Amino acid sequence: MKNEKYKLRYLPLFEQDLIQTVSCITNVLKNTDTAEKLVNDIEDAIQERLEYPLAFEPFPSKKRDYPYYRIYTKLCNILCCYRGCNGSQKISLWSKRYKSVFIK
82 MKNEKYKLRY
92 LPLFEQDLIQ
102 TVSCITNVLK
112 NTDTAEKLVN
122 DIEDAIQERL
132 EYPLAFEPFP
142 SKKRDYPYYR
152 IYTKLCNILC
162 CYRGCNGSQK
172 ISLWSKRYKS
182 VFIK
């Protein structure tokens, strides 16, 4: 197998959704420890995949040139998806509210 290097790039949608989620956990639920743990769990899962990002379960969605892959978090029901293409790994975060957009 060819040893490719992947460059991590966070998409704005990922950042916006993560900030919104962390803000809700911190300000509405008043649980800063859980918010911090969520961010750490997501970051750890993403970093673990950088070496072999295409070796994981694809996300079932419409036919695409480059399939999306899922990252599960231990803490709550949030789905992170990413795609690997052209020597870069693009990371984006979707929650269930976006599911209908991707499954067609």
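Going by the numbering used here, the first residue of the sequence shown is number 82, and it counts up by one from there.
Glycine included, every Cβ here is placed at the ideal spot set by N, Cα and C.
Everything numeric in this text was worked out from a predicted model, so none of it was measured.
Note to self: Whole angstroms are fine: how far does the CA of P93 sit from the CA of T107?
What the structure shows: 21 Å
Next item on the list: Return the CA-CA distance between Q101 and P148, expressed in angstroms with no decimal places.
Entry: 26 Å
Note to self: According to DSSP, simplified to helix, strand and coil, what is P141?
What the structure shows: Reduced to three states, the DSSP call for P141 is coil.
Check: Does the beta-carbon distance from P134 to Y163 come in below 8 Å?
Finding: yes
Check: From the DSSP output, which residues share a beta bridge with Y147?
Finding: The partner list for Y147 (beta bridge, DSSP) is empty, contrary to what the question assumes.
Check: Of the residues T115, R151, N121 and F95, which one's Cα is nearest the Cα of P139?
Finding: R151
Margin query: Looking at V103: is its Cβ nearer than 8 Å to the Cβ of L89?
Written below: Taking 8 Å as the cut-off, the beta carbon of V103 is found no closer than this to the beta carbon of L89.
Next item on the list: Give me whichever residues DSSP pairs with K118 in a beta bridge.
Entry: Answer is none; K118 lacks a bridge partner.
Next item on the list: Hey, could you find the ends of the beta strand (DSSP E) L89 is sitting in?
Entry: K88 to Y91
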